[in-house]
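Chain order of the listed sequences is A and B.
If you're matching positions, the first sequence starts at 731 in our numbering and goes up one per residue.
If you're matching positions, the second sequence starts at 184 in our numbering and goes up one per residue.
We treat Cβ as the ideally placed atom computed from N, Cα and C, and that holds for glycine.
Keep in mind the model is a prediction, meaning the values are calculated, not measured.
Beneath this line is the structure, given in structure tokens, with notes to follow.
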Amino acid sequence: MNRLAVELPGLSLKNPIMPASGCFGFGREYAKFYDLSVLGAIMIKATTLEARFGNPTPRVAETPSGMLNAIGLQNPGIDKVLAEELPWLAQYDVPIIANIAGSTVEEYVEVAKRISKAPNVHALELNISCPNVKKGGIAFGTVPEVAAELTRAVKEVSAVPVYVKLSPNVTNIVAMAKAIEQAGADGLTMINTLLGMRIDVKTAKPILANVTGGLSGPAIKPIALRMIYEVSQAVSLPIIGMGGIQSAEDVIEFFYAGASAVAIGTAHFIDPYVCPNVIRDLPPLLDELGIQHISECTGRSWNNGQTVYCGA
Amino acid sequence: MKEHMTIISNRQIAKGIYELTLASSLVQRMHTPGQFVHVKVATFAPLLRRPLSLCDINHEAGECTIVYRAEGTGTTLLSQKQPGETLDVLGPLGNGFPLSALSSGQRALLVGGGIGVPPLYELAKQLVKNGVCVTIVLGFQTKDVVFYEERFASFGKTYVATADGSYGMKGFVTDVIEHHALSFDVLYACGPKPMLKALQQQFPHKELYLSLEERMGCGVGACFACVCRVPHSETAYKKVCSDGPVFRAGEVVL
Ligand SMILES: Cc1cc2nc3c(=O)[nH]c(=O)nc-3n(C[C@H](O)[C@H](O)[C@H](O)COP(=O)(O)OP(=O)(O)OC[C@H]3O[C@@H](n4cnc5c(N)ncnc54)[C@H](O)[C@@H]3O)c2cc1C
Ligand SMILES: Cc1cc2nc3c(=O)[nH]c(=O)nc-3n(C[C@H](O)[C@H](O)[C@H](O)COP(=O)(O)O)c2cc1C
Ligand code: FES
Chain A
731 MNRLAVELPG LSLKNPIMPA SGCFGFGREY AKFYDLSVLG AIMIKATTLE ARFGNPTPRV
791 AETPSGMLNA IGLQNPGIDK VLAEELPWLA QYDVPIIANI AGSTVEEYVE VAKRISKAPN
851 VHALELNISC PNVKKGGIAF GTVPEVAAEL TRAVKEVSAV PVYVKLSPNV TNIVAMAKAI
911 EQAGADGLTM INTLLGMRID VKTAKPILAN VTGGLSGPAI KPIALRMIYE VSQAVSLPII
971 GMGGIQSAED VIEFFYAGAS AVAIGTAHFI DPYVCPNVIR DLPPLLDELG IQHISECTGR
1031 SWNNGQTVYC GA
Chain B
184 MKEHMTIISN RQIAKGIYEL TLASSLVQRM HTPGQFVHVK VATFAPLLRR PLSLCDINHE
244 AGECTIVYRA EGTGTTLLSQ KQPGETLDVL GPLGNGFPLS ALSSGQRALL VGGGIGVPPL
304 YELAKQLVKN GVCVTIVLGF QTKDVVFYEE RFASFGKTYV ATADGSYGMK GFVTDVIEHH
364 ALSFDVLYAC GPKPMLKALQ QQFPHKELYL SLEERMGCGV GACFACVCRV PHSETAYKKV
424 CSDGPVFRAG EVVL
């Protein structure tokens, strides 16, 4: 028995560990460090219809136990991702979760339609933290009705299951999750980064050229855990959890909160080998905890040991 | 690519400037001047690694040297490390200065500004080994922070300028080059962006290689933190960490 294997809509994962979108590019850089086939899945960098340059630099700033980023969705555009990146990734035995972004519902729909047909794309992850240019730049992910409409539109055209990535920059994450569930999403991923900023003490100017950026890393772990704890009890969709994960212990904590798999982002910048190390460390940790299969951990902090989500 | 290196020494060589010597088998993978290492200064805080250039590579001793300025949290913590302690080092990373640009008997001008001086040391060493004639121009803010002048002098004629005139010629590196009418086949430079820009303007038709700095996340090309623009394009880019940090003048927008 593979005690780390997890079944989720569209995804048969050999283990529940995957790099988070935007922190792993399209895999090429980390393939120099280890065989990408050891990963449960890979969430690739957000893809938009056209190539985007993104924001001016500085794009990153450090914070206590975390970092701010304002990359601005830089990516080569869907044509290049379909022609070059996905075929290159196909040499590895690893399902791809395609993170998609856009400025309008139409752009998301177009990207979803095309990218979901790539043979190694097993699921989509809708990045709804992007500003909606037709609605005055308010992020899709901050108004439940808008997020639901987007989910419905993408669900209609996608050839693979659709996971929606929740933004933590909302007052009521549970209402958002419920609206997305009703709109037909197959799963949730959470959390995206928290909006923040830093100011240079010497110059009195914001450090990021974009002024604000998204906070990630260990600093956001308690927030991610709280949100997953709340959402997993309110909806019946599987959750891929993320936010500050660095170790096998962190992974178990996310499962206890209600996650069925996890993604690791910022920790790659500290240790390129973080994913293989966590995968290696999980079985001995399960032994120590007296747990047979990792899925038994999902929701343990609130369900007294019953398995809540047992696969697709 | 990632190892715990042992600190052999870590000493102050000028005001706020430290010379750190590290040893481990990782040194055998270090070859090109201008490449950098991504250093984890402490286990928890600060979280991110710090990019620092290789200043000297010594394969026989199995040691490499880094020269850094203690200014922020990370480099100040680094300056407190003692010999015998270990450091988590990722590298060598990036593409360094192209040595093949010059053959024996040709002339190189090496221009360093402030904490951009260190990578030029290994470069000078390797160029001289290849029989290239090396001239060096170093610019600093003030007398207290001048370092490595004599060491560079062993490779070729070395000029020093300070912005406040407290040591060497008063002015910038570009003033020194103009004043002495220094000529060259290839110019290699590392230092603050205004200095690199000034050099590019001073020699629009020459072969220049410039080493850039940018705030980094991953250091390996995955996160898009460190990009710079490519001339005449809306979307084209280069990553300082993996396409650079050394670029040919004109290759990227400064
Ligand atoms: C390719 C490359 C090679 C370098 N080589 C050297 C060297 O040989 N010697 C040396 O003294 N310095 C070098 N630097 C600059 C050095 O990385 C910064 O001085 C250092 O990161 C500052 O860290 P801190 O914690 O002291 O400062 P803080 O201001 O506390 O750092 C906060 C954050 O900003 C980043 N940061 C701050 N200044 C810079 C900078 N100038 N460039 C890039 N990131 C910065 C830090 O890495 C960190 O993420 C190099 C930079 C690059 C990109
Ligand atoms: C540099 C950087 C780039 C990111 N880019 C994306 C992106 O393109 N799409 C997306 O949905 N999330 C993106 N994220 C968010 C991460 O996928 C993840 O949700 C978040 O960082 C929390 O996880 P962590 O703390 O493990 O990094 C990015 C994060 C970072 C740090
Ligand atoms: S630092 Fe991540 S791409 Fe250069």
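Where residue i sits in the DSSP three-state scheme
| i | result |
| --- | --- |
| Q804(A) | coil |
| M213(B) | coil |
| G796(A) | strand |
| M184(B) | coil |
| Y304(B) | helix |
| K895(A) | strand |
| A1042(A) | With a pLDDT of only 39 at A1042(A), under 50, the local geometry of the prediction cannot be trusted, and the value read off the model is given with reservation. DSSP places A1042(A) in coil when its eight states are reduced to three. |
| I826(A) | strand |
| A381(B) | helix |
| H998(A) | helix |
| D765(A) | coil |
| M773(A) | strand |
| L365(B) | coil |
| M906(A) | helix |
| Y420(B) | strand |
Chain B residues whose Cβ lies nearer than 8 Å to that of residue i
| i | result |
| --- | --- |
| I953(A) | Per Cβ cutoff of 8 Å: no residues; I953(A) is ~17 Å from chain B at best. |
| T923(A) | The premise fails here: T923(A) is roughly 13 Å from chain B at the closest Cβ pair, so nothing lies under 8 Å. |
| S795(A) | F227, A228 and L230 |
| I801(A) | C406, F407 and A408 |
| I1000(A) | K223, L230, L231 and R232 |
| G971(A) | The premise fails here: G971(A) is roughly 20 Å from chain B at the closest Cβ pair, so nothing lies under 8 Å. |
| G947(A) | L230 |
Close Cβ partners of residue i (< 8 Å) along its chain, the five nearest in sequence each way excluded
| i | result |
| --- | --- |
| Q821(A) | none |
| R334(B) | Y304 |
| A939(A) | N785, P786, T787, P788, R789 and A800 |
Proximal residues of chain B, C-beta to C-beta of residue i below 7 Å
| i | result |
| --- | --- |
| P788(A) | R398 |
| Y1079(A) | With chain A covering 731 to 1042 only, the question about residue 1079(A) has no answer from this structure. |
| E792(A) | P229, L230 and L231 |
| Y760(A) | A405 |
| A781(A) | T418 |
Residue i CB to nearest heavy atom of ligand 3 below 7 Å
| i | result |
| --- | --- |
| V423(B) | yes |
| A405(B) | yes |
| S411(B) | The question names Ser, but residue 411(B) is Cys in the sequence shown. No, since every heavy atom of ligand 3 falls outside the 7 Å radius drawn around the Cβ of C411(B). |
| M399(B) | yes |
| G402(B) | yes |
Chain-ordered chain C contacts of residue i [CB-CB under 8 Å]
| i | result |
| --- | --- |
| G755(A) | Going by chain labels, chain C is absent from the structure shown, which instead holds the protein chains A and B. |
Any non-hydrogen atom of ligand 2 within 7 Å of residue i CB
| i | result |
| --- | --- |
| C1005(A) | no |
| M972(A) | yes |
| T996(A) | yes |
Under 9 Å by beta carbon: chain A residues contacting residue i
| i | result |
| --- | --- |
| K340(B) | By Cβ distance, chain A contributes nothing, its closest Cβ being about 36 Å from K340(B), past 9 Å. |
| P273(B) | The sequence given here has Leu at residue 273(B), not Pro. Going along chain A in sequence order, the residues near L273(B) (Cβ under 9 Å) are D1001 and P1002. |
Contacts that residue i makes with chain B (C-beta to C-beta distance below 9 Å)
| i | result |
| --- | --- |
| R928(A) | Residues of chain B passing the Cβ test: none, with the nearest at roughly 12 Å. |
| Q804(A) | F407, V410, T418 and Y420 |
Chain-ordered neighbours of residue i on chain A, where CB pairs are closer than 7 Å
| i | result |
| --- | --- |
| Y201(B) | Within 7 Å Cβ-Cβ: nothing; Y201(B) doesn't reach chain A, min ~21 Å. |
| M184(B) | F763 |
Contact set for residue i: own chain, Cβ-Cβ below 7 Å, skip 5 residues either direction
| i | result |
| --- | --- |
| T259(B) | A253 |
| S425(B) | G277, V403 and G404 |
| A1042(A) | Reliability of the predicted coordinates at A1042(A) is poor, the pLDDT of 39 falling under 50, and no value is obtained from them. |
| G914(A) | T881, R882 and K885 |
Contact test: residue i Cβ vs ligand 1 heavy atom, cutoff 7 Å
| i | result |
| --- | --- |
| R789(A) | no |
| F219(B) | yes |
| P952(A) | no |
| Y251(B) | yes |
| L235(B) | yes |
| T204(B) | no |
Own chain partners of residue i with C-beta closer than 6 Å, once the 5 adjacent residues on each side are dropped
| i | result |
| --- | --- |
| H137(B) | A query on residue 137(B) cannot be resolved here, the shown segment of chain B reaching from 184 to 437 and no further. |
| I747(A) | G770, C1005, V1008 and I1009 |
Check: residue i C-beta below 7 Å from any heavy atom of ligand 5
| i | result |
| --- | --- |
| I801(A) | For ligand 5, the structure offers nothing, since it holds only ligand 1, ligand 2 and ligand 3. |
Three CB pairs or more closer than 8 Å across the region 339-354 of chain B and the region 323-330 of chain B: yes
Stretch-stretch touch, CB-based, cutoff 8 Å, three pairs: the region 261-275 of chain B with the region 295-303 of chain B: no
Inter-stretch contact at 8 Å, needing at least 3 Cβ pairs: the region 807-816 of chain A / the region 839-855 of chain A: yes
Three CB pairs or more closer than 8 Å across the region 771-791 of chain A and the region 418-436 of chain B: yes
Given 8 Å, three or more beta-carbon pairs between the region 900-909 of chain A and the region 922-933 of chain A: no
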